[in-house]
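Colleague: I am attaching a structure below and will ask some questions about it afterwards.
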Amino acid sequence: MHVYIHVPFCARRCSYCDFAIAVRRDVPSAAFTDAVLREWAGWQGHEIWSGSSAVETVYFGGGTPSRLDPGAIAQILERLSTDRPLDPDAEVTLETNPDDVTGPAARLWRSAGINRVSLGAQSFDPGVLAWMHRTHSSEQIGAAVAILRDAGIAELSLDLIFGLPGALGRDWAADLERALSLRPDHLSLYGLTVEDHTPLARWTARGEVTPVDEDRYAVEFLLADRGLGDAGYEHYEVSNYSLPGHRARHNSGYWRRAPFIGIGPSAHSGWGSNRQWNLREWAAYQRAMAAGEIAVAGAESLDPAAVELEELYLGLRTREGVPVGRLPPETTRAWIGAGLAVTAGGRVCLTTEWWLRLDALTAASR
Ligand code: SF4
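Residue numbers for the sequence shown follow our numbering, beginning at 17 and rising by one.
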């Protein structure tokens, strides 16, 4: 079982972000804890547990979970591990923004059970960070890494965004070099997409911003693939790289279609062919939880063809690909002939160039 907890609070909205967030100067940590623990209680006895007993990973995502009172994180983890056995080597991740990382906070996170931190760096260029409306400075990224290591956080991941508008003059190679100098265990690299209802969408609609062209997007994607590969990182999923033995186990659970419980506003849950998702807005979610109602906003059951397609799509995003038998032989032959895929150990895997197209296609379809 994998558990995701969506913490929606942010200090301000980043220019590209369309996530379900609530901008708050003061984070209502007690109200949040109360709401998510009520929802968690509602999951006990659910059929989702029929095939899984222990929790293998917990992921606090957002929003900005590092803005939550560390005591709230401890309280939530304590309840989870009281109600359900947590694997002795469970991966417990906290997404953080660099400006929230202080020595005392990091030590409290560690003692609460956090053993992996995903740090939202995005760029080391001060002009780019300002354009993105990020709340942290470039220097705070390196400082946060040092503090987290000093506090005993075993696993560190950095998020970076590529494919920025050319007019920003962002030096992607320099950003990759800065990231590598910190030697994180894991890196997630996401291409910038223009999402509706964001400042970036407005700037683009007004002609003030021209999105990156396909060529530059490809150059940056392939530069990262080569540069990180040379530095010893494995490109194990379209957007993810790790040092050997440091893959993200939580996300790997999604790609394997393991059962997952999503708690908090907008969180999704899935098991077998079932999918459901929560009310998107924090206020509505909190009201429902306080009134003893359910937080579910919608649900669907995938038919066998949709399940198969999902397995195929998720499998092809990973370095392991899918078993040869999952694709018609003529498709596999055509893909190999066109240099889009290779077979190894009875599995079909997409090449990096085809991953690039998959990434661009996914970005375009969002
Ligand atoms: S901190 Fe993350 S979740 Fe919050 S607005 Fe920025 S990108 Fe979105």
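Note that beta-carbon positions come from the ideal geometry of N, C-alpha and C, so glycine has one too. Owing to the predicted nature of the structure, the values given are computational and were not obtained by experimental measurement.
How many Å lie between residue 40 and residue 80 at the Cα?
Modeller: The straight-line gap from Cα to Cα measures roughly 11 Å.
Colleague: Kindly indicate which three-state DSSP category residue 223 falls into: helix, strand or coil?
Modeller: Residue 223 falls in the coil class under three-state DSSP.
Colleague: Could you check whether the Cβ of residue 140 sits closer than 7 Å to any heavy atom belonging to the ligand SF4?
Modeller: Not so, every heavy atom of the ligand SF4 lies at least 7 Å from the Cβ.
Colleague: So the beta strand (DSSP E) residue 5 belongs to, where does it begin and stop?
Modeller: Lying outside 17 to 382, the shown extent of the chain, residue 5 is not represented and no answer is given.
Colleague: For the pair the stretch 248–256 and the stretch 209–221, tell me if three or more CB-CB distances fall below 8 Å.
Modeller: No, because fewer than three Cβ pairs between the stretch 248–256 and the stretch 209–221 fall closer than 8 Å, the two stretches do not touch.
Colleague: Note down, in chain order, each residue of its chain lying with its Cβ closer than 6 Å to the Cβ of residue 142, except the 5 sequence neighbours on either side.
Modeller: 154, listed in sequence order.
Colleague: Our contact map puts residue 132 next to residue 160 with C-beta atoms below 8 Å; I'd like the distance itself, whole angstroms only.
Modeller: Not a contact, Cβ separation roughly 14 Å.
Colleague: Does the stretch 88–104 come close enough to the stretch 114–128 to have 3 or more Cβ pairs within less than 8 Å?
Modeller: Segments in contact, yes.
Colleague: Flag residue 80 as yes when its Cβ comes closer than 7 Å to any non-hydrogen atom of the ligand SF4, and as no otherwise.
Modeller: The answer is yes for residue 80.
Colleague: Give a single yes or no on whether residue 29 has its beta carbon closer than 7 Å to a heavy atom of the ligand SF4.
Modeller: Yes.
Colleague: By alpha-carbon positions, which one of 233, 182, 237, 247 ends up nearest to residue 224?
Modeller: Among 233, 182, 237, 247, the Cα nearest to that of residue 224 belongs to 182.
Colleague: Give me the residue from 277, 52, 199, 116 with the minimum Cα distance to residue 293.
Modeller: Nearest of 277, 52, 199, 116 to residue 293, Cα basis: 277.
Colleague: Would you tell me roughly how many angstroms separate the C-alpha atoms of residue 270 and residue 121, rounded to the nearest one?
Modeller: Computed Cα separation, rounded: 29 Å.
Colleague: CB residue 204 to CB residue 241, shorter than 8 Å?
Modeller: Cβ distance not < 8 Å, so residue 204 and residue 241 don't count as in contact.
Colleague: If residue 69 and residue 101 are in contact, beta carbons under 8 Å, what's the gap, nearest whole angstrom?
Modeller: The pair is a contact, with the Cβ atoms about 6 Å apart (cut-off 8 Å).
Colleague: By DSSP's criteria, residue 358 is part of a beta bridge. Which residues make up the other side?
Modeller: BP columns for residue 358 point to 365.
Colleague: Could you spell out the range, first to last residue, of the alpha helix (DSSP H) harbouring residue 98?
Modeller: Unbroken alpha helix (DSSP H) run through residue 98: 86–99.
Colleague: Any heavy atom of the ligand SF4 within a distance shorter than 7 Å of the CB on residue 136?
Modeller: Indeed, a heavy atom of the ligand SF4 lies less than 7 Å from the Cβ.
Colleague: Three-state secondary structure (DSSP) at residue 25?
Modeller: If DSSP states are grouped into helix, strand and coil, residue 25 belongs with the strands.
Colleague: In this structure, does DSSP put residue 193 in helix, strand or coil?
Modeller: Reduced to three states, the DSSP call for residue 193 is helix.
Colleague: Any idea if residue 21 is buried or exposed, counting beta-carbon neighbours within 10 angstroms, 16 or more meaning buried?
Modeller: Residue 21 is buried by the Cβ-count criterion.
Colleague: Is residue 372 helix, strand or coil when you go by DSSP?
Modeller: Helix.
Colleague: Hey, out of 147, 73, 37, whose CA is closest to residue 31's CA?
Modeller: Nearest option by C-alpha distance: 147.
Colleague: If you draw a straight line from the C-alpha of residue 284 to the C-alpha of residue 321, how long is it?
Modeller: Taking the straight line joining both Cα atoms gives about 21 Å.
Colleague: What does the alpha-carbon distance come out to for the pair residue 53 and residue 95?
Modeller: Their Cα atoms are separated by approximately 8 Å.
Colleague: Mind the definition here: the stretch 224–240 touches the stretch 179–194 only if three or more C-beta pairs lie below 8 Å; say whether that holds.
Modeller: The stretch 224–240 vs the stretch 179–194: in contact.
Colleague: So is the beta-carbon of residue 237 under 7 Å away from any non-hydrogen atom of the ligand SF4?
Modeller: Every heavy atom of the ligand SF4 is 7 Å or more from the Cβ of residue 237, so no.
Colleague: Which whole-angstrom value describes the C-beta separation of residue 338 and residue 328, a residue pair presumed to lie in contact below a C-beta threshold of 8 Å?
Modeller: Residue 338 to residue 328, Cβ: 6 Å. Contact.
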